[in-house]
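Enquirer: Following my numbering, the numbering of the sequence shown begins with 852 at its first residue and continues without gaps.
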Amino acid sequence: MGRLAVLVSGRGSNLQALIDAIDTGSLDAEIVIVISDRPGALGLSRAEKAGIPVQVVAWEGEGRREAYFEKIASILRAANVDLVILAGFMRLLSANLVRAFPQQIINIHPSLLPAFPGLRAQRQALEYGVKVAGCTVHFVDEGLDSGPIIVQKAVPIYDHDTEETLSERILTKEHEALPEAVALVLSKQWQIRGRRVTCES
Ligand code: GAR
852 MGRLAVLVSG
862 RGSNLQALID
872 AIDTGSLDAE
882 IVIVISDRPG
892 ALGLSRAEKA
902 GIPVQVVAWE
912 GEGRREAYFE
922 KIASILRAAN
932 VDLVILAGFM
942 RLLSANLVRA
952 FPQQIINIHP
962 SLLPAFPGLR
972 AQRQALEYGV
982 KVAGCTVHFV
992 DEGLDSGPII
1002 VQKAVPIYDH
1012 DTEETLSERI
1022 LTKEHEALPE
1032 AVALVLSKQW
1042 QIRGRRVTCE
1052 S
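1. If you drop the 5 nearest sequence neighbours on each side, which residues of the same chain put their C-beta closer than 8 angstroms to that of Arg-854?
2. The ligand GAR and Gly-894: does any heavy atom of the ligand fall closer than 7 angstroms to the residue's C-beta?
3. For Pro-965, which option in Val-1002, Ile-936 and Pro-953 has the closest C-alpha, if you only look at C-alpha atoms?
4. So, helix, strand or coil for Asn-931, using DSSP?
5. Cβ-heavy atom distance between Ile-959 and the ligand GAR below 7 angstroms?
6. So, at 7 angstroms on beta carbons, what are the nonlocal neighbours of Val-857 in its own chain, with the 5 sequence-adjacent residues on each side left out?
7. May I ask you to report which of helix, strand or coil DSSP gives Leu-995?
8. Quick check on Leu-855: does DSSP put it in helix, strand or coil?
9. Please name the residue, chosen from Ala-892, His-960 and Leu-927, that lies closest to Leu-943 on a Cα-to-Cα basis.
10. With DSSP collapsed to three states, give me the class of Leu-963.
11. Tell me, please, which residues DSSP counts as bridged to Glu-881.
12. Between Val-1036 and the rest of its own chain, which residues show a CB-CB distance below 7 angstroms, the 5 nearest in sequence each way excluded?
13. Tell me whether Arg-950 is buried or exposed, calling it buried when 16 or more other Cβ atoms sit within 10 Å of its Cβ.
14. Along the chain, where does the beta strand (DSSP E) containing Lys-1024 start, and where does it finish?
15. To which residues of the same chain is Glu-899 closer than 8 angstroms at the C-beta, ignoring the five residues directly before and after it?
16. Can we count Leu-1022 as close to the ligand GAR, meaning its CB is less than 7 angstroms from some heavy atom?
17. Name the two residues that bound the continuous alpha helix (DSSP H) containing Ile-870.
18. Starting from the C-beta of Leu-893, find all residues in its chain whose C-beta is less than 6 angstroms away, skip the five residues before and the five after it, and write them out in chain order.
Written out as structure tokens, the structure is:
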């Protein structure tokens, strides 16, 4: 059974999707720690309600970036995790943290990468005028939303869409994509060739 750490900054609905997938038996894993950079994050209450240990590591400013992520790395090591999941964690990890957990950190992003990395991806998609949007779960590398892609799911964009309606449609797909990607990564039935994550048959 995979030992998961989940990092959240806010609402935590993707964390909830993982909790639910574990509860219903569709994901064979245990969330051993939830970490947040924001003390009031709703994700923390979701974790506590599910009986999962939580830890707040409050952001200390850009000047303390390396030290901040070293703290997070120590917590992850102490918890002996197999996989770290960024589920709405709104900070770019330090290179040291990424190197300390090679191919063991994944992120969910609300666009079909490589389109629209960074903040407010749904708004970027609407402003660009694309007709298809979606979400991506990918391995984290040292760049911004740039690592090898594990799972993507697409949704249509309609003329009447707003940032809110599109975000909601994408979020529904995120809640399917994330548990699916976690199960795949934990299965170890994959390899990375170049940028391509392929499943062994
Ligand atoms: C999700 O839409 C996630 O894809 C996005 O933040 C939201 C968090 O929602 N993440 C990013 O934009 C990261 N670049 P949640 O807290 O309800 O899971």
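Ideal Cβ positions, reconstructed from N, Cα and C, are used throughout, including at glycine.
Expert: Reading from the atomic positions:
1. By 1-based counting over the sequence shown, the position of residue 854 is 3. Ala-880, Glu-881, Val-883, Ala-930, Asn-931, Val-932, Asp-933 and Leu-934, listed in sequence order.
2. To locate residue 894, count along the sequence shown from 1; it is residue 43. Yes; taking the cut-off as 7 angstroms, the Cβ of Gly-894 has a heavy atom of the ligand GAR nearer than that.
3. Residue 965 sits at position 114 when you count from the first residue of the sequence shown. Of Val-1002, Ile-936 and Pro-953, the residue nearest in Cα terms is Val-1002.
4. Mapped onto the sequence shown, residue 931 falls at position 80. In this structure, Asn-931 counts as coil in the three-state DSSP scheme.
5. As a working mapping, residue 959 is identified with position 108 in the sequence shown. Because some heavy atom of the ligand GAR lies under 7 angstroms away, the Cβ of Ile-959 counts as near it: yes.
6. The residue labelled residue 857 in the question sits at position 6 within the sequence shown. Closer than 7 angstroms at the Cβ level, and outside the excluded window around Val-857, lie Leu-866, Leu-869, Ile-882, Val-885, Ile-936 and Ala-938.
7. Within the sequence shown, numbered from 1, the residue matching residue 995 stands at position 144. Coil at Leu-995, not helix or strand.
8. In the sequence shown, counting from the first residue as 1, residue 855 sits at position 4. Residue state, collapsed to three classes: strand.
9. As a position in the sequence shown, residue 943 is number 92, starting the count at 1. The candidate whose alpha carbon is nearest that of Leu-943 is His-960.
10. Stepping through the sequence shown from its first residue, residue 963 is reached at position 112. Coil at Leu-963, not helix or strand.
11. Translated into positions along the sequence shown, residue 881 becomes position 30. The partner list for Glu-881 (beta bridge, DSSP) reads Arg-854.
12. Along the sequence shown, one-based indexing puts residue 1036 at 185. The answer, listed in chain order, is Leu-934, Ile-957 and Ile-1001.
13. One-based indexing of the sequence shown puts residue 950 at position 99. Exposed, by the Cβ-count rule.
14. Along the sequence shown, read from residue 1 onward, the residue named residue 1024 stands at position 173. Here Lys-1024 belongs to no beta strand (DSSP E); instead the alpha helix (DSSP H) covers 1014 to 1038.
15. Counted from its first residue, the sequence shown places residue 899 at position 48. If we look at Glu-899 and ignore the five residues flanking it on each side, its Cβ neighbours are Val-905.
16. For the purposes of this step, residue 1022 is taken as residue 171 along the sequence shown, with counting starting at 1. Leu-1022 Cβ: within cutoff of the ligand GAR.
17. By one-based count along the sequence shown, residue 870 stands at place 19. Ile-870 -> alpha helix (DSSP H) spans 864 to 874.
18. One-based indexing of the sequence shown puts residue 893 at position 42. Hits under 6 angstroms: Arg-862 and Gly-863.
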